[in-house]
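**Q**
Laid out in structure tokens, this is it:
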């Protein structure tokens with residue numbers, strides 16, 4: 479069924495320079511693509527007339543914009559949300575996270591992924607990049623809930639022999655669904671050997687998949703890599719041939735100027751995760767330097783153990799605030815540029831060509847969100863983009879479309895029984911933790 | 479009418495050490511005070527029986543906690559929300575803020591205050607400390623909307639002769655309303671002369687009022703005060719006798735160890751405004767040092783030009799994250815301690831005796847909020863306090879009681895026509911900006 483959004487304030491994310499960023503108009507969707515973007519009432523009427531059975535959604539007082547792209551998370555870790563906060567790192571890992579993960583089944587991971595996707599959809603996230611284990615089990619979850627996903631099969635040296643075949647299985651499972659991509663995701667250059675990094679990259683090349691890893695998240699990581707390989711994490715990965723425009727590097731906090739030039743030159747997508755970086759005291763990523771060097775910077779939430787939610791509106795705001803704070807320049811990372819990181823740039827990180835995703839223009843994939851502007855914290859409207867980035871909330875999103883299908887309407891996720899989901903989650907964590 | 483909240487998860491904010499922080503039970507309210515706090519069903523039944531016409535609010539699946547206290551804002555500046563972002567300071571003041579304020583009437587200020595209070599109530603803020611002009615006009619707004627307020631009459635050297643009489647007028651207007659206090663609010667030690675600081679403090683003493691000012695918000699301020707008075711802002715204010723337990727100092731970012739000891743010794747309440755400090759690159763306040771020294775640290779949002787909203791849930795989270803990031807210690811400012819700053823400590827900053835406000839216990843003033851826990855981002859519940867501080871949203875608050883009266887229910891503010899409010903605000907800002 480075709481869909482026509484009318485009377486919307488439209489933020490297409492295509493404006494350059496001083497061009498107006500928003501206009502009032504209509505957007506028509508046919509199949510999974512945007513067919514019409516117009517400020518003209520007669521063009522909207524013509525679309526309606528030519529589309530028998532078209533559904534019209536009146537967006538008066540609401541904003542229509544591209545859905546947000548979360549380029550780094552571990553969505554199934556919602557099961558461990560707030561499980562162990564404000565605890566020192568080694569106690570956290572030894573006494574909480576690792577025992578929890580050891581008792582967790584593939585079904586639990588699929589359940590945690592369900593909760594995570596529901597949370598993201600309700601917050602206007604239409605695409606996400608994940609990195610966890612049992613991703614083959616998550617193909618079905620992402621397919622059912624209708625989100626766009628890149629599922630990264632996470633591995634360490636000790637489980638690479640199980641995960642690589644699982645990744646190939648996942649590729650087969652996702653083969654008939656354009657919305658879902660599989661990726662190879664070695665944990666990091668300090669926890670995965672050069673040989674196993676290469677094995678992942680080779681498999682990625684064989685299937686045309688993305689490759690992702692944590693890069694330079696902590697000072698300890700940099701020290702370990704330097705001791706082992708006499709190189710920075712970026713230099714080490716680059717020497718191994720791991721870095722190209724199908725690579726996503728999460729965090730990239732402790733990088734040198736030369737590392738930044740390498741990331742930019744190779745076309746690596748950097749996933750900046752400001753709330754996680756702050757909460758677990760990782761440091762502040764040099765986002766402004768990376769942007770100035772031409773690196774593809776994007777935004778991610780990281781997992782719910784270090785955030786503790788999957789709220790991209792907060793992440794946008796924190797990204798802007800943190801750069802302003804850390805650089806001492808209140809003009810650093812302005813609102814519109816921040817929004818680009820989470821739309822246009824996120825889409826490119828996931829391998830979509832420019833103009834294909836993350837923007838509203840004819841021919842682009844129809845991943846759209848409707849934001850209700852009739853809220854006290856979004857009034858008055860001197861500058862809609864500032865309001866959105868500096869005041870917008872996940873809960874302001876009322877309608878979400880992915881790939882031409884409406885998956886959230888009036889803040890209800892299609893096909894999900896929330897009370898049952900919460901009960902299933904509660905039962906699973908009770909069983910896992912034995913409490 | 480008496481009110482009984484039943485089947486609630488109760489977070490009284492009275493737990494010390496390892497005591498459990500929450501329990502399931504009931505809270506009874508008689509008049510403007512909490513009359514009953516119990517885990518016993520029979521005690522709740524007895525309250526119900528003894529209170530003819532009692533209204534019972536079933537809080538199954540919801541959290542009952544003290545309302546949040548915002549100790550520093552300029553609520554009427556909602557009219558300037560996102561008016562001029564990502565612009566250098568002097569251009570911002572000269573071309574935007576000052577011309578806007580020059581064209582703004584007392585009616586506009588009352589309207590902006592209305593929007594600000596509505597936003598705060600919907601986000602679970604039951605008390606706030608304001609600092610702006612025309613506060614005498616805002617007494618009626620706060621009275622009508624039912625929030626608890628301390629309205630600080632802001633002055634500079636050039637308008638002190640108008641503002642001090644206005645403050646006395648405001649005291650008279652608020653005399654019959656226990657919820658509303660008036661305060662004297664010289665802008666800062668670098669913009670107000672020693673003589674005019676003293677005049678404000680004398681008037682405050684005469685009427686038994688609080689005194690508040692911005693302290694050490696920027697490096698420039700510290701430099702100017704040092705050049706003029708050969709002292710830090712804290713030393714300068716202390717030498718003038720301005721600092722005592724009826725003083726609120728906003729920001730306190732660039733303070734020395736000796737300044738911190740002075741703030742603690744004098745009992746000054748520090749209002750930490752992390753989002754504003756980040757957005758306008760003011761620096762990071764040494765909250766952990768101030769807490770360790772025994773200073774009374776509280777949390778505020780600051781105005782909507784530098785935040786850009788009045789969301790105390792975000793402010794809590796940012797306060798915790800920013801300390802963890804700035805100190806390099808992920809255990810800094812833990813969740814429960816953060817929550818204390820915005821409840822127990824905020825109440826003390828406003829002059830309430832310990833146990834009188836900001837806690838749930840018999841005899842305390844009934845400022846309560848109900849938080850809906852049936853949200854994907856608040857599930858599962860391993861640790862309710864972590865969930866609340868690290869994931870809770872203003873929009874999770876569904877019911878708000880101030881001084882025993884329900885002022886928000888099902889996310890509707892009593893007595894407010896929101897579409898009309900937005901239209902009035904839009905008309906006012908159109909007139910003021912001439913756009």
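Residue numbers (the numbering used here), protein chains in the order written: chain A, 479 to 913; chain B, 479 to 913.
Cβ coordinates follow ideal geometry from the N, Cα and C atoms, glycine included.
All values reported here derive from a predicted model rather than from experimental measurement.
Should residue 654 (chain B) be labelled buried (16 or more other beta-carbon atoms within 10 Å of its own) or exposed?
**A** So residue 654 (chain B) counts as exposed.
**Q** With DSSP run on the structure shown, which of helix, strand or coil describes residue 828 (chain B)?
**A** Residue state, collapsed to three classes: coil.
**Q** Ordered along the chain, which non-local residues of its own chain (more than five positions away) have a Cβ less than 8 Å from that of residue 533 (chain A)?
**A** So the list reads 479, 480, 481, 482, once near-sequence residues are dropped.
**Q** Taking DSSP as the reference, what is the three-state secondary structure of residue 694 (chain B)?
**A** Residue state, collapsed to three classes: coil.
**Q** Determine the contact status of residue 557 (chain B) and residue 906 (chain B), defining contact as a CB-CB distance below 8 Å.
**A** A contact, by the Cβ cut-off of 8 Å.
**Q** Hey, how far is the Cα of residue 635 (chain A) from the Cα of residue 779 (chain A)?
**A** Their Cα atoms are separated by approximately 26 Å.
**Q** Figure out for me which residue from B:672, B:713, B:649, B:704 has the closest Cα to the Cα of residue 686 (chain B).
**A** Cα-wise, what sits closest to residue 686 (chain B) is B:649.
**Q** Compare the Cα-Cα distances from residue 564 (chain B) to each of B:663, B:786, B:588 and report the closest residue.
**A** The shortest C-alpha separation from residue 564 (chain B) is found at B:786.
**Q** Note down the Cα distance separating residue 507 (chain A) from residue 822 (chain A), rounded to an integer number of angstroms.
**A** So the two alpha carbons sit approximately 19 Å from each other.
**Q** Determine the contact status of residue 607 (chain B) and residue 546 (chain B), defining contact as a CB-CB distance below 8 Å.
**A** Cβ distance not < 8 Å, so residue 607 (chain B) and residue 546 (chain B) don't count as in contact.
**Q** By DSSP, does residue 492 (chain A) sit in helix, in strand, or in coil?
**A** Here residue 492 (chain A) sits in coil by DSSP.
**Q** Given this structure, state the Cα-to-Cα distance separating residue 726 (chain A) from residue 799 (chain B), to the nearest angstrom.
**A** Going from the Cα of residue 726 (chain A) to the Cα of residue 799 (chain B) covers about 25 Å.
**Q** So, are the CB atoms of residue 762 (chain A) and residue 769 (chain A) less than 8 Å apart?
**A** No. Outside cutoff.
**Q** Could you say which of B:875, B:857, B:846 lies nearest to residue 505 (chain B) if we only look at CA atoms?
**A** Of the listed residues, the one whose Cα sits closest to residue 505 (chain B) is B:846.
**Q** Starting from the beta carbon of residue 806 (chain B), find every residue of chain A whose beta carbon is closer than 9 Å, and list them in chain order.
**A** Within 9 Å Cβ-Cβ: 759, 761.
**Q** Closer than 7 Å, Cβ to any Cβ of chain B: which residues of the segment 807-826 of chain A, in chain order?
**A** Cβ contacts with chain B: 807, 808, 809, 812, 813.
**Q** Counting only beta-carbon atoms, is residue 770 (chain A) nearer than 8 Å to chain B?
**A** Cβ-Cβ to chain B under 8 Å: no for residue 770 (chain A).
**Q** Using a C-beta cutoff of 8 Å, does residue 865 (chain A) count as contacting chain B?
**A** Cβ-Cβ to chain B under 8 Å: yes for residue 865 (chain A).
**Q** With respect to the beta strand (DSSP E) encompassing residue 897 (chain B), which residues constitute its N-terminal and C-terminal limits?
**A** Note, residue 897 (chain B): premise wrong, no beta strand (DSSP E); alpha helix (DSSP H) at 896-911.
**Q** Quick one: which chain B residues come within Cβ less than 8 Å of residue 597 (chain A)?
**A** Ordered by position in chain B, the residues that pass the 8 Å Cβ test against residue 597 (chain A) are 854, 855.
**Q** Buried or exposed for residue 570 (chain B), going by 16 or more other Cβ atoms inside 10 Å?
**A** Classification for residue 570 (chain B): buried.
**Q** With three or more beta-carbon pairs closer than 8 Å as the criterion, would you say the segment 835-845 of chain A touches the segment 738-756 of chain B?
**A** No, the segment 835-845 of chain A does not touch the segment 738-756 of chain B.
**Q** Short check: CB of residue 625 (chain B) to CB of residue 599 (chain B), under 8 Å?
**A** Contact flag set, yes.
**Q** Run through the DSSP bridge pairs and tell me what residue 849 (chain B) is partnered with.
**A** DSSP lists B:541, B:875 as partners of residue 849 (chain B).
**Q** Looking at chain B, is there any beta carbon in it that lies within less than 8 Å of the beta carbon of residue 554 (chain A)?
**A** No, because no Cβ of chain B sits closer than 8 Å to the Cβ of residue 554 (chain A).
**Q** What span of residues does the beta strand (DSSP E) with residue 606 (chain A) cover, start to end?
**A** Run containing residue 606 (chain A): 603-610, per the beta strand (DSSP E) assignment.
**Q** Identify the residues that DSSP records as bridge partners of residue 547 (chain A): which are they?
**A** For residue 547 (chain A), which the question treats as bridged, DSSP gives the partners A:605.
**Q** Please say whether residue 552 (chain B) and residue 587 (chain B) have beta carbons closer to each other than 8 Å?
**A** In this structure, residue 552 (chain B) does not lie closer than 8 Å to residue 587 (chain B) by Cβ.
**Q** Helix, strand or coil, according to DSSP, for residue 505 (chain B) in the structure here?
**A** DSSP places residue 505 (chain B) in strand when its eight states are reduced to three.
**Q** Which chain B residues are close to residue 915 (chain A), counting only those with a beta carbon under 8 Å from its beta carbon?
**A** Only positions 479 to 913 of chain A appear in this structure, which leaves residue 915 (chain A) out of reach.
**Q** Are the C-beta of residue 560 (chain B) and some C-beta of chain A separated by less than 8 Å?
**A** Yes, residue 560 (chain B) counts as interfacial toward chain A.
**Q** Among A:744, A:710, A:749, A:855, whose alpha-carbon lies nearest the alpha-carbon of residue 734 (chain A)?
**A** Taking only the C-alpha atoms, the option nearest residue 734 (chain A) is A:710.
**Q** Specify the secondary structure class of residue 714 (chain A) as computed by DSSP and reduced to three states.
**A** Helix, per DSSP.
**Q** Whole angstroms is fine: what's the gap from residue 669 (chain B)'s alpha carbon to residue 737 (chain B)'s?
**A** Approximately 20 Å between the Cα atoms of the pair.
**Q** Below 8 Å on the Cβ atoms is my guess for residue 645 (chain A) versus residue 681 (chain A); work out the distance and round it to an integer in Å.
**A** 7 Å between Cβ atoms; contact.
**Q** Is there a Cβ from chain A that is less than 8 Å from the Cβ of residue 736 (chain B)?
**A** So no, residue 736 (chain B) is outside the interface.
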